[in-house]
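Residue numbers (my numbering): 1426 to 1562. Notes follow once the structure below has been shown.
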């Protein structure tokens, strides 16, 4: 949801925090673990159907990245079994390439959300610094 708001309502926000967000539901479905794919297709739509695929591609924040104008911090776990880390990698790379201020907090030893205290603390302080820099100005 954060990525959608950042894409389509950028004029209404100052910055955003994207935590394990799918940046394109097509690539999300294609790269998610096979055992989860059918359940996610029921939830988001089946990317194998040409009309659904076209719709999902059209609304994907990744395919509308030029509309993201406000600073973003992206948070992901490298071992996330629910949302492939490639979703965060691609939005981070695209934002960086176009010059949108973007920070990336990726934990190599975490999955879907940070569970380890040291990683939680790092995420908290990184987000606090990010918000102080972009929200309080």
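Note that CB positions come from ideal geometry on N, CA and C, so glycine has one too. This one's a predicted model, so the numbers in the text were calculated from it and none came from an experiment.
DSSP three-state assignment for residue i, whether helix, strand or coil
| i | result |
| --- | --- |
| residue 1514 | helix |
| residue 1443 | strand |
| residue 1476 | helix |
| residue 1430 | helix |
| residue 1484 | helix |
Limits of the unbroken beta strand (DSSP E) element including residue i
| i | result |
| --- | --- |
| residue 1493 | Careful: residue 1493 lies outside any beta strand (DSSP E) and carries neither H nor E. |
| residue 1532 | 1527-1532 |
Outcome for residue i when other beta-carbon atoms lying within 10 angstroms are tallied against a minimum of 16
| i | result |
| --- | --- |
| residue 1491 | exposed |
| residue 1463 | exposed |
| residue 1465 | buried |
| residue 1467 | exposed |
| residue 1506 | exposed |
| residue 1454 | buried |
Anticipated Cβ contact below 8 Å, residue i with residue j, distance rounded
| i | j | result |
| --- | --- | --- |
| residue 1441 | residue 1516 | Contact flag wrong, Cβ pair sits at about 11 Å. |
| residue 1501 | residue 1513 | 4 Å |
First and last residue of the uninterrupted alpha helix (DSSP H) at residue i
| i | result |
| --- | --- |
| residue 1469 | 1459-1469 |
| residue 1551 | 1542-1559 |
| residue 1504 | No alpha helix (DSSP H) contains residue 1504, which DSSP labels as neither H nor E. |
| residue 1453 | 1450-1456 |
Neighbourhood of residue i by C-beta distance below 7 Å, restricted to the same chain and skipping five residues each side
| i | result |
| --- | --- |
| residue 1477 | 1470, 1471 |
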